[in-house]
Amino acid sequence: NTAMLRNVVLLCTLASASAFVGSPVAPLLRNSPAVSSVRARPLRTSVQMVDADTIQIALAATPSIAALGLVFKNSFSGSEQQTQQYVPSQADTYSPQTSMPTETEALSLARTNFKKWNDALQTKDAATVAKMYSASKLSFLPTVSPEHIKQLDATNDYFKDFVKKNPFGTITDDKVTLLDANSYLHSGMYTFELGDANNRTPVAARFSYVWEKVGNEWKIGHHHSSVRPPQPEGSSAPAQEAPAAKAAPSASAKKANPTPEAMLPVARDNFKRWNDALQTKNPKTVASLYSNSELSFLPTVSPEHIKKIDSTQEYFEAFVLKNPFGTITDDSVAVVDNGNGYLHSGMYTFELGDANNRTPVAARFSYVWEKVGNEWKIGHHHSSVRPPQPEGSSAPAQEAPAAKAAPSASAK
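Every letter in the sequence shown is one number past the one before it in the numbering used here, and letter 101, counting from 1, is 154.
See below:
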């Protein structure tokens, strides 16, 4: 730094000299007594004395050197002060970004979380399984229980019996729908191996999970599992597209998050629209309520995982002939994507058959409705016949039907 400063001073001196050498100052300096005395009295010294021309340059450069020194002083002292006061903040060292995962990442995450849930079953510890479920406004429609479970203690009670069957699940078909940055729907088919090691029985079933980020952990906010219905006689499985993750909602679609209480009437009104469409006996009218983009439909009386509108319409061609009329008996709502989507789950009863011979059928439902333009569309629908109450068991105590609290804005 010292050598650099000397070089800079010399350059400034030369610059000042060139500026003053042709000015009136130069002749005055040449005739000054000080300069004359320097010429008249040479000193005996080992230090070489400067001549008059050098003195002229130095005197002319003095104002520039003084100013330059002041600049350097302020510059160096300012830098030292900044260095002493600077402490790296968290924002300087790490700036986390909240972003939607890609389709591949979402599908991988969903399958990883399913494996964690399946591994928990292998522990044979009901509490270990139950702790993977959300403690806040849970919606759980189990495979072999007729109840709409909404509390962790009831979830724990259910798994006390289920883990005794030595269950091991394998996904055979699945789809992921990103609901927002902190939640997703994972739906499809799985097969469970049940029973002792030397006498395993496979059971084909369907699943709908809604996983949500709670702190740093993924929790199950909704789980609907049902035995896969048999293939109707004389029918064939519809052609299906390959499993895929649905495109994430765009950031531009975000808006103020409605309360669950505000969304519950919307959910019930949309269910009425769907039920009214059934009354038209027109399968195309019913199918038009479903999304034509990455649909996931697990119907009540079909073993297929329907993912296309034409297959949806084919399903309703037979179903509307049963003269179905649905009535919700228990439901809850979870708001996602800042009000651009919601999960509506619970119980409904269908009256089927001719007017003079109606048969009630108790069933469970999971709908994910999403805003497409100005219309609400069904992106996911899982409907299953309500299982019978196991012998010797009683229904677990449940809280009153309620709308689930929406994810907080800070978690977005």
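Cβ atoms here follow ideal geometry from the backbone N, Cα and C, with glycine treated the same way.
Taking the alpha-carbon of residue i as reference, which of the options has the nearest alpha-carbon?
{"i": "V256", "options": "S278, D407, S152", "result": "S278"}
{"i": "E357", "options": "M242, K266, Q175", "result": "M242"}
{"i": "T181", "options": "S189, R164, Y211", "result": "Y211"}
{"i": "T353", "options": "V319, A183, T382, H434", "result": "H434"}
{"i": "D227", "options": "T312, F167, N219", "result": "F167"}
{"i": "L232", "options": "P440, G432, A371", "result": "G432"}
{"i": "L174", "options": "G222, F369, E265, V229", "result": "G222"}
{"i": "L317", "options": "F378, D383, S152, S341", "result": "D383"}
{"i": "D407", "options": "L162, K375, Y368", "result": "K375"}
{"i": "R164", "options": "T230, K203, A207, G268", "result": "T230"}
{"i": "Y395", "options": "A320, P441, Y368", "result": "A320"}
{"i": "K337", "options": "S364, N209, A207", "result": "S364"}
{"i": "S192", "options": "S346, K184, K203", "result": "K203"}
Can you grab the Cα-Cα spacing for the pair residue i / residue j, in whole Å?
{"i": "G426", "j": "T176", "result": "46 Å"}
{"i": "Y420", "j": "N310", "result": "19 Å"}
{"i": "Q366", "j": "T333", "result": "13 Å"}
{"i": "E428", "j": "S398", "result": "20 Å"}
{"i": "N219", "j": "K213", "result": "11 Å"}
{"i": "E444", "j": "Y262", "result": "27 Å"}
{"i": "N391", "j": "N252", "result": "48 Å"}
{"i": "A159", "j": "E270", "result": "15 Å"}
{"i": "Y401", "j": "A416", "result": "5 Å"}
{"i": "F418", "j": "S436", "result": "5 Å"}
{"i": "F215", "j": "P195", "result": "10 Å"}
{"i": "L342", "j": "L331", "result": "11 Å"}
{"i": "V373", "j": "S189", "result": "37 Å"}
{"i": "E246", "j": "N171", "result": "12 Å"}
{"i": "I224", "j": "S385", "result": "27 Å"}
{"i": "D249", "j": "S344", "result": "42 Å"}
{"i": "L351", "j": "S240", "result": "9 Å"}
{"i": "K217", "j": "P413", "result": "33 Å"}
{"i": "T208", "j": "F403", "result": "26 Å"}
{"i": "D329", "j": "L405", "result": "15 Å"}
So, helix, strand or coil for residue i, using DSSP?
{"i": "L194", "result": "strand"}
{"i": "L351", "result": "strand"}
{"i": "S436", "result": "strand"}
{"i": "T181", "result": "helix"}
{"i": "T225", "result": "strand"}
Counting only the same chain and skipping the five closest in sequence on each side, list residues whose C-beta sits under 6 Å from that of residue i.
{"i": "P283", "result": "none"}
{"i": "L348", "result": "K360"}
{"i": "N323", "result": "W422, W429"}
{"i": "K266", "result": "N235"}
{"i": "I381", "result": "Y401"}
{"i": "R411", "result": "E404"}
Counting only the same chain and skipping the five closest in sequence on each side, list residues whose C-beta sits under 7 Å from that of residue i.
{"i": "R281", "result": "M242, A257, A258, R259, P356"}
{"i": "V388", "result": "N310, P311, P313, M316, Y395, A459"}
{"i": "Y237", "result": "A159, A163, V229, T230, L231, W264"}
{"i": "F369", "result": "P336, V339, A340"}
{"i": "S198", "result": "Y211, P440"}
Does residue i have its Cβ less than 9 Å from a Cβ in chain C?
{"i": "S278", "result": "The structure shown contains no chain C; it is built from a single protein chain."}
Discussion item. At 3 residues or longer, what runs of the beta strand (DSSP E) sit wholly inside the segment 227 to 286?
Written reply: 236 to 247, 254 to 267, 270 to 280
Discussion item. Going residue by residue through the segment 379 to 432, where are the continuous beta strand (DSSP E) segments of at least 3 residues, counting only ones entirely within it?
Written reply: 394 to 405, 412 to 425
Discussion item. My parser needs the alpha helix (DSSP H) runs of 4 or more residues fully inside the segment 312 to 351; what are they?
Written reply: 313 to 332, 336 to 340
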